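Residue numbers (our numbering), protein chains in the order written: chain A, 933 to 1438; chain B, 933 to 1438; chain C, 933 to 1438; chain D, 933 to 1438.
Data first, discussion second: the structure below is written as structure tokens.
4 protein chains.
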Amino acid sequence: MSTSKEFIANKELIDSSREKKSPSTPSFKNSYRPRSMSTCSTDTSSCSSSASLSEDDDGTPVRSRKQQNSSGFSDFCVKDVRLNVYGRREIDLAEQEMTGLIALKKQTLDSKPLRGARIVGCTPITAPTAVLIETLGALGAELRWCACNIYSTQNEVAAALAEVGFSIYAWRGESVDDFWYCIEKCFSCSNWTPNMIMDDGGDATHFCQSKYPQVFKNLIGIVEESATGIHRLYKLLRGEKLLVPAINIQGCVTKGQFDTRYSCRESVIVSLKKCMSDLMFGGKQVVLCGYGEVGKGCCQSLRSLGCTVYVTEIDPICALQACMDGFRVVKLNEVIRHVDIVIAATGNKNVVTREHMDKMKNMGIVCCMSSCHNEIDVQSLKSEELKWERIRSNVDHVRWPDGKTMVLLASGHHIQHSCSSVPSFVTSITATTQLLALMELFKGASASGQYKNGADIYMLPKKMDEYVANLHLQAFDAHLTELTEEQCKYSGLPKHGPFKSNHYRY
Amino acid sequence: MSTSKEFIANKELIDSSREKKSPSTPSFKNSYRPRSMSTCSTDTSSCSSSASLSEDDDGTPVRSRKQQNSSGFSDFCVKDVRLNVYGRREIDLAEQEMTGLIALKKQTLDSKPLRGARIVGCTPITAPTAVLIETLGALGAELRWCACNIYSTQNEVAAALAEVGFSIYAWRGESVDDFWYCIEKCFSCSNWTPNMIMDDGGDATHFCQSKYPQVFKNLIGIVEESATGIHRLYKLLRGEKLLVPAINIQGCVTKGQFDTRYSCRESVIVSLKKCMSDLMFGGKQVVLCGYGEVGKGCCQSLRSLGCTVYVTEIDPICALQACMDGFRVVKLNEVIRHVDIVIAATGNKNVVTREHMDKMKNMGIVCCMSSCHNEIDVQSLKSEELKWERIRSNVDHVRWPDGKTMVLLASGHHIQHSCSSVPSFVTSITATTQLLALMELFKGASASGQYKNGADIYMLPKKMDEYVANLHLQAFDAHLTELTEEQCKYSGLPKHGPFKSNHYRY
Amino acid sequence: MSTSKEFIANKELIDSSREKKSPSTPSFKNSYRPRSMSTCSTDTSSCSSSASLSEDDDGTPVRSRKQQNSSGFSDFCVKDVRLNVYGRREIDLAEQEMTGLIALKKQTLDSKPLRGARIVGCTPITAPTAVLIETLGALGAELRWCACNIYSTQNEVAAALAEVGFSIYAWRGESVDDFWYCIEKCFSCSNWTPNMIMDDGGDATHFCQSKYPQVFKNLIGIVEESATGIHRLYKLLRGEKLLVPAINIQGCVTKGQFDTRYSCRESVIVSLKKCMSDLMFGGKQVVLCGYGEVGKGCCQSLRSLGCTVYVTEIDPICALQACMDGFRVVKLNEVIRHVDIVIAATGNKNVVTREHMDKMKNMGIVCCMSSCHNEIDVQSLKSEELKWERIRSNVDHVRWPDGKTMVLLASGHHIQHSCSSVPSFVTSITATTQLLALMELFKGASASGQYKNGADIYMLPKKMDEYVANLHLQAFDAHLTELTEEQCKYSGLPKHGPFKSNHYRY
Amino acid sequence: MSTSKEFIANKELIDSSREKKSPSTPSFKNSYRPRSMSTCSTDTSSCSSSASLSEDDDGTPVRSRKQQNSSGFSDFCVKDVRLNVYGRREIDLAEQEMTGLIALKKQTLDSKPLRGARIVGCTPITAPTAVLIETLGALGAELRWCACNIYSTQNEVAAALAEVGFSIYAWRGESVDDFWYCIEKCFSCSNWTPNMIMDDGGDATHFCQSKYPQVFKNLIGIVEESATGIHRLYKLLRGEKLLVPAINIQGCVTKGQFDTRYSCRESVIVSLKKCMSDLMFGGKQVVLCGYGEVGKGCCQSLRSLGCTVYVTEIDPICALQACMDGFRVVKLNEVIRHVDIVIAATGNKNVVTREHMDKMKNMGIVCCMSSCHNEIDVQSLKSEELKWERIRSNVDHVRWPDGKTMVLLASGHHIQHSCSSVPSFVTSITATTQLLALMELFKGASASGQYKNGADIYMLPKKMDEYVANLHLQAFDAHLTELTEEQCKYSGLPKHGPFKSNHYRY
């Protein structure tokens, strides 16, 4: 039966949010578990339905397969290089949306600004990242790439990259053992020593620091995009083990605004509807736990579709914002009995407890819009008296002894990840920022630049943040105004920016 | 491979909006083509991709299959009665959302108000209609049911109904010949003569009037819910051929508001995202052709997700409303070059022409939110110089010789039908209205009621419209205020309604 | 002291919503009290502060003053014809906004379509109505005009009209005796017999029918714009006393939408802020009693400025709309203790009772957005134990024995009338509709038209309603699309409308 | 004639935005002009109508008047101490809204935390600042107070403060000479030396630094709330002349959000309507120059009332936000010909030029929502060929030779200041922040605190910012959630905050 690509793509995203227990883990992992497995170790015992995850395996270990691309190149390990045609189409489609990255590529293509850069990348391997990878290559960099998460690889995309000659070591559904094997393959390559790392979560960085200290201390720099990775870099820094400069992508305005408020505003609607196609938003009562950027985005769109939205907050400033935006700020207990939907978006643990869920009304929906896997205390629902029924992908009915049923989405994991996906346009912003950060570090190395000697964690200069925004404005046919000389003088602003202080965030 | 139920459900809805040519059509159809085929006869030659529609057929004609349910009952014809378990679950889930209908059922169950009613129904056969069918049965009616559209049957739901003993004649993908066969089977049954018709589109009504005039003139009444059906009833009335009373469900406020504005407000977002999962609404320029109820709903939600929305209108009153709601009213030609998305919602023909599409920018999206299949002139795109590529289900890329690509959704058919579905809650409102209309006609027949002698087309009394709303308010935990005696006197309003005049519509 | 014109204007509007008791009323009024006094007769004993209303009187009865304009013309009675310069400027400013009316005037000016029409008008006399009056004159009509409400006359505007030769009989603060005197002066004029009435409330119509039956039965027609007036016309019709055709302006879509939803959306904000300049909307809890057109408009803008809005309703259909729009539907008692603002907008009596107000929190605000003067039971607040304090114009503090203070705006009268004003653009729509109705009736009289013989109450044809909208679209630079011949044929719509059925109202 | 208080209050605010030329200025001012006069010196030649500003002067110089309050106290100089009754009522009303400040006052009243503080204040003197002044007194501080702007004093409020014994030196319409006289009177007082300054704009600080260097170097600290003042403090710091610690109030989240986005969202609507009571927002085309916090607030509310809003921006990040929020980003020239309203909100100079205004359509409105007085190039309109007409307070018509008329509001000054006012609730947030800052510095002085030795400019600690928010949440009946121990541990957040990093601003 011919199933649409789209369906497969969604399926993979769904799966990627699940963890899988691995029977054996080599010694290294004992000390450094990959990030994707570390956060929520307790709830990996998951519900029975996840047994079906390995359905598309064919039994042969991926590592053992002998594969080469149509040019005879074989320094890669992907699920099946023959899938490359499908992957190429996905990459082509993604490229159309990634106008900012492509514009930057065109501007810098001739000067090959990354010639001499030898980068190990460790990120999700999806169509949009493939566009970044190919861009890095086009700008002169040599690359080896692995996945930052055992479920975050689109196999056909990895195949397409291998087909055109990139050394990709990644497939969907790696074991933990596979995971470290792939990272290892990126660092240990005869006649090739990396001088930069582009990381997402910190696993490649830590692997290098621990296993290849000589390589590590000679790095030009590290670019890290995740909160977790930044957290780990700061630990290294405090322990005086961070010997090289690193750039924190995560704190950039454009990345922040797009990956959170604007992205969640859309994805909360789409994710809920993908799970619950029979759901009508109009008239529903919803409580959002958390009025940070995620919460703000969700509240805005839910209300615009006719929901009555309540907010819970711990931070009085965010609570005051919620008030001024017209949302009632309540404790979860005050509204739990009558709301139709609970959305956890605090990033904290056990925000929605068993006690709360005991009080919910029949057919109430509970889901999570943060990356914290235990924000909903799903573990507490795995008790004798409650009956679970898998209704469809990402939807479980949990039934209380009195017949009251609660609808749990994506097993309590981030519904955006499980049930929808991040638009390529958003990824383009992140990717462009990453590319600029790599160029900044690399340029700094050749010059006696600011990053040269310092082992520190830097923010990308405000001006570059503005540059990323500028590159993406084209997609909207937006026309910027330029300051006159007189205005520059009057306001003290430079004609071409930066226009705001580094920590300006509104 | 195990595909989720949800996926199947969507697929069927998709298919249901397509037409299929039948090589032979019996004489009757020559004069009375089924509604589903009559509207847009020119564009049924469809694009090649529709050839794959019959994928789940097994080759054996459905009509020839010998089937009986677990009780040995066999007066039905469905795709496969063994699918009944899946259908039952869908019906159970739908029932949970159809609180208004179920409340009415409970209130009237004991008195069996439809005892003696013998109804032929001709509607889509989906989980929500199944809830209505079973309710009619529970209230005492005898029923025979067929589909009003060759693609609008959920086979597993039809199976579930047959399993519990309903005479269902319907399956997805009927030929036109099958279509009339099924209607015939509902009317021609030994020892059973219908006295009511519940129609959607007028095919059953016209079949009866033409083939069984004796049955027709003795009917107690007809309930019709579609604009097309109403149109056809008025033709009969003018020709003095409508010998029985009919109730027009379509004009009810609650049905109107829910099936259009509130429903489209959500479905436009979901349908677009289901087709284009990589789409980001924020910053997109969209033009809505038509600012009727559909357009109003679409504009509201699109803007709330960050789109800039333009409107085209022919009616100055609707245009003025668009202005007051903050939308620029333009001619399509003024904006076609720079918009990202064109949504046709006028219900008229050739609103988006080849000339318009020639001017669109690369990767512009064109789709339709009305039931009119030729609102986008898809036919004009089927010319030599344009290359079509099916990207995924419901998404075609049409490529101009210069490389400019346009994205056409659902082959220009209604994306709500093709790519999302109507929530059961909305269907509950329609179904409750239909049930009340049947009861009203049936009661009128037994009494010397208002509908007794009149061959006319009636509106459901305002009070009943309010009653439908009332039954559905419970789902929202809404608390109505009651007029005091003093207020009744002051305002001249009856304590329990009706509170507005019959044509009040705001 | 020089006070700005604007302040004066507001003051007058404020006053116009007050009633004044007259010690003596002539015999006619005993049977037919003017509309402005009939509705809420019980609450005219008002609070003491209204004693200051006559502050700008100079002691001399207006009727006794000998006045003539600069041309020596004296067939008028206004407060002070010398105020005409100020009035002229107001009229000029209003004219700038009344683009639709002026466009119609220009189109028809040459043909003088109202030549031969002799109209008695009875409406508020404000700058926008002055524009209408002058337009009627320019189109050939002869006019005599009086006020429909003892407080609704802008004296300087009346002066400006008298100055250019119109027979105006109206001033602000007429006694009831004056009121009927002015109407009488319009009908009783030697050598001049009216053949049309343009009424607002029905007082002129009833006066004519009762006092001048010969004139009445020879009228060409009546144009009436208020709900009350229509109500009274229907009474005449049922009593077979309406011997002439009348057109109901009130039911037109454009008038309805502009005078209610779109107008209230803005005026609720402005009126509240004019009374309470220290009020911040953000975070306020508001309950709207009534979700009709007024309530819908108010809810929309209040929420958009950060209020949490609750709704009370008696009508389940409107309640369901409120739910779908995201508002909680409650009984007033459920929220009265914690809301900051109560807005009555039902049009019914005693909707906000003493019992409710007893429960309100300190400094809670109570006001009315309907024309019903006793929607808030102000009378119940005039008891011993409550202390009233006039804080400023339109703002009273009512203090309970325990110190709890309630803020009552505009003495419970319509805050839109008391504290803000209707934009000329909105009035232009009404005025254009009135003008078209007069022309329609007048034309009908000369032809053997549809209104010729019939004593009935007509709606303005849909097409004219669309025409009014069309004339006002120009102000928005809106570009209508025109149907192609093919589309006309397909849809059955005429190329130039009407595009909707007569009772279409969405 | 009795004019309402409200009217007077508005009048004063209007006037306060005007500058007045003073014939003689003493030597000190030559070097240090007061801030209120320094920014836009060129446009003070204003239009003729401002000549009427001194209307309520009685000819006797305020300084020469002998006044004492009812207790015989005379160490003050206000317009007329007998106005105190009116001022007291304004203060009482303001106090009701300033719940956060009053709550803090109550909590700290007993401990008299400011006993020993001797503060010179230099701020606007309005009812809300009076509440702050009285609070400072109640907490133990000794005070002397003057105005930071020659037009920003409410005379009756100053009188009320003098009446209860505060040494207030301020009146509305001071000359520049008066201005410095008043500041001098605050610093030069026998037997009293200030040890703290609470400043708004930096004039008091600079006066002290220049004239009383001994006092200056012994100060405990300075609290400054304006951007200009902060700018001037940094200049001192760089010149090593800032010998004492200062706290920057201006950068606090709560102050920032309330004084800008949330405040402007309401005031733009109210200010425009106060100037143009005949304006209808629905359907208007508006361009906002600047999408900072002011622009964001304005855009949100204007769109919600039915305007189509365009945005101009220089900063690509803000431009991208505008796109994502659904606004078209354009250059002013692209839309200037067809917009109805231009609102300047960039804070930069000559953003709306004569060239732009030449192109505007007839009756287009131009106004400013920033504090920059020359954002609209009003000077360029003062040329021969253009005719000015003052229509009413704050509204000028400027007429081009061809008759085209432009409507200029508030002479191009901030319409929020001229035409509406900041709600007391907003001022409460600022005042509470100022009070906490004073307490922080004063406490730091007595302890060997962090501010003890450092001459630097500090931000108020995040935790105090959160505290201010917390105090104001009570007004909204908002209920904060508290972190569990487990959650504190998991997230690393302290149970009682601070919950965000110091520069978090979303």
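The beta carbon of each residue, even a glycine, is placed where N, CA and C say it ideally should be.
These numbers were taken from a predicted model, which means no experiment stands behind them.
Contact criterion: CB-CB distance below 7 Å. Does residue i meet it with respect to chain C?
| i | result |
| --- | --- |
| cysteine 979 (chain D) | With a pLDDT of 30 at cysteine 979 (chain D), under the threshold of 50, the modelled position of this residue cannot be trusted; read the value that follows with caution. Not closer than 7 Å to any Cβ of chain C, the Cβ of cysteine 979 (chain D) fails to qualify, so no. |
| phenylalanine 1431 (chain D) | no |
For the beta strand (DSSP E) containing residue i, list its first residue and its last residue.
| i | result |
| --- | --- |
| asparagine 1180 (chain A) | 1178-1180 |
| methionine 1256 (chain D) | That residue, methionine 1256 (chain D), is in no beta strand (DSSP E); its alpha helix (DSSP H) goes 1248-1256. |
| aspartate 1109 (chain A) | Element bounds for aspartate 1109 (chain A): not the beta strand (DSSP E) but the alpha helix (DSSP H), 1108-1119. |
Which residues share a DSSP beta bridge with residue i?
| i | result |
| --- | --- |
| methionine 1391 (chain A) | A:Asn1180 |
| glutamate 1156 (chain B) | B:Asp1131 and B:Asn1180 |
| glycine 1229 (chain D) | None; glycine 1229 (chain D) has no bridge partner. |
| serine 1099 (chain B) | B:Arg1076 |
| glutamate 1321 (chain B) | B:His1329 |
| leucine 1220 (chain B) | B:Val1243 and B:Ile1275 |
Please list, in chain order, the chain A residues whose beta carbon lies closer than 7 Å to that of residue i.
| i | result |
| --- | --- |
| aspartate 1272 (chain C) | In chain order: nothing, as chain A lies at least about 12 Å away. |
Flag residue i as yes if its beta-carbon sits less than 7 Å from any beta-carbon of chain D, otherwise no.
| i | result |
| --- | --- |
| proline 1355 (chain C) | yes |
| serine 1423 (chain C) | no |
| phenylalanine 1259 (chain C) | no |
| aspartate 1409 (chain C) | yes |
Can a CB atom of chain B be found closer than 7 Å to the CB of residue i?
| i | result |
| --- | --- |
| lysine 1205 (chain A) | yes |
| asparagine 1280 (chain C) | yes |
Residue i lies in the alpha helix (DSSP H); which residues open and close that run?
| i | result |
| --- | --- |
| glycine 1296 (chain D) | Segment 1296-1300 is the beta strand (DSSP E) holding glycine 1296 (chain D); no alpha helix (DSSP H) there. |
| aspartate 1409 (chain B) | Premise fails: aspartate 1409 (chain B) is in no alpha helix (DSSP H) and is neither H nor E. |
Looking at chain A, is there any beta carbon in it that lies within less than 7 Å of the beta carbon of residue i?
| i | result |
| --- | --- |
| leucine 1340 (chain B) | no |
| valine 1284 (chain D) | no |
Going along chain D in order, which residues have a C-beta closer than 7 Å to the C-beta of residue i?
| i | result |
| --- | --- |
| isoleucine 1201 (chain C) | Ile1201 |
In chain C, which residues lie less than 7 Å from residue i when you measure between Cβ atoms?
| i | result |
| --- | --- |
| arginine 1193 (chain A) | Correct list: empty, because the minimum Cβ distance to chain C is about 18 Å. |
List, in order along the chain, the chain G residues whose C-beta lies closer than 7 Å to that of residue i?
| i | result |
| --- | --- |
| methionine 1256 (chain A) | Included in the structure are the protein chains A, B, C and D, with no chain G among them. |
Which residues in chain C sit within 9 Å of residue i, going by Cβ to Cβ distance?
| i | result |
| --- | --- |
| glutamate 1198 (chain D) | Ile1201, Lys1205, Leu1211, Met1212, Phe1213, Gly1214, Leu1237 and Gly1238 |
Could you tell me if the beta carbon of residue i falls within a distance shorter than 6 Å of some heavy atom in the ligand FAD?
| i | result |
| --- | --- |
| histidine 1411 (chain B) | Of ligands this structure carries none, so the ligand FAD is not represented either. |
What in chain B is Cβ-close to residue i, meaning under 8 Å?
| i | result |
| --- | --- |
| leucine 1405 (chain C) | Pro1248, Ala1251, Leu1252, Cys1255 and Val1261 |
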